[in-house]
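Protein chains in written order, with the working numbering: chain A, 2 to 269; chain W, 6 to 312.
Please read the structure below before turning to the comments.
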Amino acid sequence: MTTVAVEPEATRATRSAPATPIPFTRLASVELRKSFNTRSGFWLLASIAITALIATAATVAFAPNDELTYEAFATAIGFPMSVLLPVIAILSVTSEWSQRSGLTTFTLVPRRSRTILAKGVVAIGIAVSSMLVALAIGAIGNVVGSAIAGVDTTWNISAIEFSYIVLANTLGLLVGFMLGVLIRNSAAAIVGYFVYSFVLPTLSMLLASSQDWFKNLQPWVDFNYAQSALFNGSMTGEQWANLGVTSLVWLVLPMAVGLRMIMRSEVK
Amino acid sequence: MIKVESLTKRYGGFTAIDDVTFTARPGRVTGFLGPNGAGKSTTMRIMVGLTPATSGSAEVSGRRFADLPNPGLEVGVLLDASAQHAGRTGREILTIAQRTMGLPARRVDDMLDLVSLSKTEAGRRVGNYSLGMRQRLGIATALLGDPEVLILDEPANGLDPAGIRWMRDLLRGFADRGGTVLLSSHLLHEIEVIADDLVVIGEGRIVAQGTKAELLRSAGTLVRTPDVHLLATALTDSGLAHVPSAAAATADALRVEADRELVGKIALNAGVPLIELRAADGAGLEEMFLELTADTQPDQNPEGAAA
């Protein structure tokens with residue numbers, strides 16, 4: 002009887018030790034792999050580098066010589082990136098539902114919060130590293146561009162300014178991530194992102210220009226307005242407070258609601 | 006070992022799963038049988054934590070699925086073979102699972118061999134896979150962590166006859182080595198050939214469960230006659246319960262809750278000629294199942310044949 006009971010165990014060659022919890026680093030590395038290993042994911046990431054190169058080349062070709070500064074390159078590269086990074090963040094979350102791969106993902110890792118956190122960490126990691134790549138591409142462009150134009154190379158972005166830009170782009174990416182978590186549908190979340198970052202700011206601007214009472218309120222209400230201060234290179238205490246308050250309302254709270262919904266929702 | 010106790014799932018006013026209780030034991034293949042929409046998939050999703058239950062509990066290997074530290078090593082799950090990112094290759098999908106579980110990379114090749122997906126096929130994106138290939142890939146994913154329990158939702162869908170035979174042998178071997186297999190199907194005959202135990206579900210409730218031998222045991226007598234009406238009257242007069250046999254393809258058959266000899270005598274006394282008189286082996290289960298499916302499958306009745 003005992004030999005019969007033991008035999009099945011003997012065939013389980015891969016079982017060496019009792020199962021231990023899956024470490025977070027492993028989840029993060031898997032999520033990183035998942036953001037590269039589809040055709041769409043790969044080209045989306047590649048497009049960051051590609052648009053950075055195109056933007057740099059365009060700046061070299063078209064910018065007037067006296068405006069051929071590092072800031073000009075950074076601005077040119079920064080715009081496509083500020084659109085692409087949130088889309089990457091959105092898709093990393095929504096594809097689990099839109100492509101239904103979540104059925105496997107959340108069966109292998111039933112604590113969904115761990116997978117979502119791993120996705121968030123990977124998305125931020127991708128954002129920071131792609132901005133470093135963009136920084137390098139812009140620097141090369143600045144050196145080459147000023148050499149071609151025969152003007153002095155101007156390095157007018159400080160480390161602190163760069164870190165503000167990184168922070169601003171990371172916030173944008175987190176907004177995308179939040180919308181992905183909240184909406185869980187690729188197309189709807191991307192539309193939501195454009196409404197969030199292009200339609201709402203315009204409405205807010207119109208309102209501020211026509212209504213005096215709103216003009217003073219705007220920095221405390223308009224998330225984009227509060228973020229735009231980051232691009233000016235210096236932040237006052239009040240501007241930090243504006244950013245904190247608007248982030249809480251427009252980012253942290255909806256993120257909390259979305260996470261709660263993900264924990265309880267049905268994965269089909 | 007899978008233990009489901011008093012599981013209930015409601016969506017608003019609709020009860021999808023109603024007080025479902027059953028156990029799938031090690032060393033046995035348990036067939037989870039029911040028509041489409043009976044609640045098989047919902048029950049399985051609750052088991053693996055993808056759908057929260059309204060009440061009741063489901064345990065796998067003595068624990069809630071969500072409490073398993075690395076579930077892939079203990080439970081192999083295949084719920085929907087098509088639920089994969091269409092842009093990923095078969096090999097990538099296995100690699101992701103292999104990495105998540107923390108297994109050696111060679112497991113991926115072992116599994117591809119096991120389910121007979123060639124290197125070329127494994128390198129193609131699953132968007133281009135046939136349903137049969139997706140099922141094979143799904144079974145490979147389920148077996149990757151060398152689990153003790155398998156939960157498979159309609160795994161035979163899309164497989165060709167050779168594939169169905171292959172899977173049957175695979176699951177038989179898995180159970181014979183001490184594993185627990187729960188597989189669902191809406192086809193009685195598919196389940197009949199592989200399962201040791203049966204759990205039959207209809208409209209969210211368990212309508213029958215037990216070993217296949219118990220459920221298929223003779224259930225009365227099947228009798229065919231050209232004069233059904235006369236025989237039915239005679240049987241009623243003798244106080245015997247009878248129903249038109251849904252299992253027989255023709256309308257001239259009755260199933261009677263009595264042994265053959267008694268039914269034969271009654272027919273003789275009533276002067277009704279018989280065409281057939283035999284033990285209704287397994288007919289009870291089949292009839293119950295056909296009754297369950299009659300509402301959901303219009304092609305079961307002749308009028309609906311055009312649909």
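We treat Cβ as the ideally placed atom computed from N, Cα and C, and that holds for glycine.
Examine chain W for any beta-carbon lying closer than 8 Å to the beta-carbon of Ser-159(A), and answer yes or no.
Here the question's residue 159(A) lines up with position 158 in the first sequence. Interface annotation, Ser-159(A): not in contact with chain W, CB-CB separation never under 8 Å.
Asp-174(W) touches chain A at which residues, Cβ-Cβ below 9 Å?
Sequence index remark: in the second sequence, residue 174(W) carries index 169 (1-based). The premise fails here: Asp-174(W) is roughly 16 Å from chain A at the closest Cβ pair, so nothing lies under 9 Å.
With DSSP as the reference, label Tyr-197(A) as helix, strand or coil.
Along the first sequence, one-based indexing puts residue 197(A) at 196. Reduced to three states, the DSSP call for Tyr-197(A) is helix.
Note down the Cα distance separating Pro-109(W) from Ala-169(A), rounded to an integer number of angstroms.
As a first step, residue 109(W) must be located in the second sequence, where it is residue number 104. As a first step, residue 169(A) must be located in the first sequence, where it is residue number 168. Spanning the alpha carbons of Pro-109(W) and Ala-169(A) requires a straight line of approximately 40 Å.
Give a yes or no on whether the minimum CB-CB distance between Gln-89(W) and chain A is below 8 Å.
As a first step, residue 89(W) is located in the second sequence; it is residue number 84 there, counting from the start. By this cut-off, Gln-89(W) is an interface position.
Which first and last residues belong to the beta strand (DSSP E) in which Lys-269(A) is found?
Residue numbering aside, residue 269(A) sits at position 268 when the first sequence is read from its first letter. Note, Lys-269(A): premise wrong, no beta strand (DSSP E); not H, not E.
On a CA-only basis, which of Ala-20(A), Val-122(A) and Tyr-71(A) is nearest Ser-36(A)? Give me that one, please.
Counting from 1 along the first sequence, the entry for residue 36(A) is found at position 35. The shortest Cα separation from Ser-36(A) among Ala-20(A), Val-122(A) and Tyr-71(A) belongs to Val-122(A).
Closer than 8 Å, Cβ to any Cβ of chain A: which residues of the region 30-54 of chain W, in chain order?
The residues in question are Arg-50, Val-53 and Gly-54.
Give a yes or no on whether 8 Å exceeds the smallest Cβ distance from Pro-33(A) to chain W.
Taking the first residue of the first sequence as 1, we reach residue 33(A) at position 32. Residue 33(A) is actually Leu in this sequence, not Pro. Answer no: the Cβ-Cβ gap between Leu-33(A) and chain W never drops below 8 Å.
Output needed for Val-25(W): all residues of its chain with C-beta closer than 8 Å, excluding positions within five of it in sequence on either side, in chain order.
For this step, residue 25(W) is matched to residue 20 along the second sequence. Excluding sequence positions up to five before and after Val-25(W), its CB lies within less than 8 Å of the CB of Val-9, Ser-11, Leu-12, Thr-13, Gly-44, Thr-48, Gly-61, Ile-206, Gly-209, Arg-210 and Ile-211, all in the same chain and listed in chain order.
Any beta-carbon of chain A closer than 8 Å to the one on Gly-92(W)?
On the second sequence, position 87 is the one that residue 92(W) refers to. So, interface residue.
So, are the CB atoms of Thr-35(W) and Val-198(W) less than 8 Å apart?
Position 30 of the second sequence, counted from the first residue, corresponds to residue 35(W). Position 193 of the second sequence, counted from the first residue, corresponds to residue 198(W). No, Cβ-Cβ distance for Thr-35(W) and Val-198(W) is not below 8 Å.
For Thr-94(W), three-class secondary structure by DSSP:
Your numbering for residue 94(W) matches position 89 in the second sequence. Residue state, collapsed to three classes: strand.
Using a C-beta to C-beta distance shorter than 7 Å, which residues of chain A count as neighbours of Ile-101(W)?
By 1-based counting over the second sequence, the position of residue 101(W) is 96. Proximity of chain A to Ile-101(W) at the Cβ level (cut-off 7 Å) is accounted for by Val-31, Arg-34 and Lys-35, in chain order.
Indicate the three-state DSSP secondary structure (helix, strand or coil) for Val-113(W) in the structure shown.
In the second sequence, residue 113(W) corresponds to position 108, counting from 1. Helix, per DSSP.
Answer with buried or exposed for Trp-214(A), where buried requires no fewer than 16 other C-beta atoms within 10 angstroms of its C-beta.
As a working mapping, residue 214(A) is identified with position 213 in the first sequence. Its Cβ having fewer than 16 others within 10 Å, Trp-214(A) is exposed.
Whole runs of the beta strand (DSSP E) within the region 191-276 of chain W, excluding any shorter than 3 residues:
Counting whole runs of 3 or more residues, the region 191-276 of chain W contains the beta strand (DSSP E) stretches 202-207, 210-216, 226-229, 247-249 and 258-261.
For the alpha helix (DSSP H) containing Val-152(A), name the first residue and the last one.
Here residue 152(A) refers to the residue found at position 151 of the first sequence. For Val-152(A), there is no enclosing alpha helix (DSSP H), since its DSSP letter is neither H nor E.
What are the boundary residues of the beta strand (DSSP E) that includes Tyr-16(W)?
Locating residue 16(W) in the second sequence gives position 11, where the first residue counts as 1. Segment 7-16, the beta strand (DSSP E) holding Tyr-16(W).
Does the distance from the C-beta atom of Val-120(W) to that of Leu-142(W) stay below 8 Å?
Taking the first residue of the second sequence as position 1, residue 120(W) is located at position 115. Taking the first residue of the second sequence as position 1, residue 142(W) is located at position 137. For the 8 Å CB-CB criterion, Val-120(W) and Leu-142(W) form a contact.
Tell me the DSSP secondary structure of Ser-87(W) in three-state form.
One-based indexing of the second sequence puts residue 87(W) at position 82. DSSP, reduced to helix, strand and coil, places Ser-87(W) outside both helices and strands of the structure shown, so it counts as coil.
Would you please verify whether the beta carbon of Pro-9(A) is less than 8 Å from any beta carbon of chain W?
On the first sequence, residue 9(A) is found 8 positions in, with the first residue counted as 1. With a pLDDT of only 40 at Pro-9(A), under the threshold of 50, the placement of this residue in the model should not be trusted; the figure read from the coordinates follows. It does: the Cβ of Pro-9(A) has a partner Cβ on chain W nearer than 8 Å.
Contacts that Phe-70(W) makes with chain A (C-beta to C-beta distance below 9 Å)
In the second sequence, counting from the first residue as 1, residue 70(W) sits at position 65. Chain-order list of chain A residues neighbouring Phe-70(W): Thr-108 and Pro-111, by C-beta distance under 9 Å.
Residue interval of the beta strand (DSSP E) (run including Asp-165(W)):
Counting from 1 along the second sequence, the entry for residue 165(W) is found at position 160. Unbroken run through Asp-165(W): none, as it is neither H nor E.
Consider the Cβ of Val-261(W): report whether some Cβ of chain A lies at a distance smaller than 8 Å.
By one-based count along the second sequence, residue 261(W) stands at place 256. Val-261(W) does not count as touching chain A.
Expressed to the nearest angstrom, what Euclidean distance is found between the alpha-carbon atoms of Gly-215(W) and Val-277(W)?
Position 210 of the second sequence, counting from 1, holds the residue named residue 215(W). Position 272 of the second sequence, counting from 1, holds the residue named residue 277(W). The alpha-carbon of Gly-215(W) is positioned some 37 Å away from that of Val-277(W).
Note down, in chain order, every chain A residue with its Cβ under 9 Å from the Cβ of Arg-104(W).
Translated into the one-based positions of the second sequence, residue 104(W) becomes position 99. What Arg-104(W) touches in chain A: Arg-27, Ser-30, Val-31 and Arg-34.
In DSSP terms, what Phe-43(A) is bridged to
Start at 1 with the first residue of the first sequence, and residue 43(A) comes out as number 42. Per DSSP, Phe-43(A) has no beta-bridge partner at all.
Identify, in the order they occur along the chain, each residue of the same chain with its Cβ nearer than 7 Å to the Cβ of Asp-23(W), setting aside the five sequence neighbours on each side.
Translated into positions along the second sequence, residue 23(W) becomes position 18. Sequence-distant partners of Asp-23(W) (beyond 5 residues in either direction) whose C-beta falls short of 7 Å from its own C-beta, in its chain, are Thr-13, Gly-209 and Arg-210.
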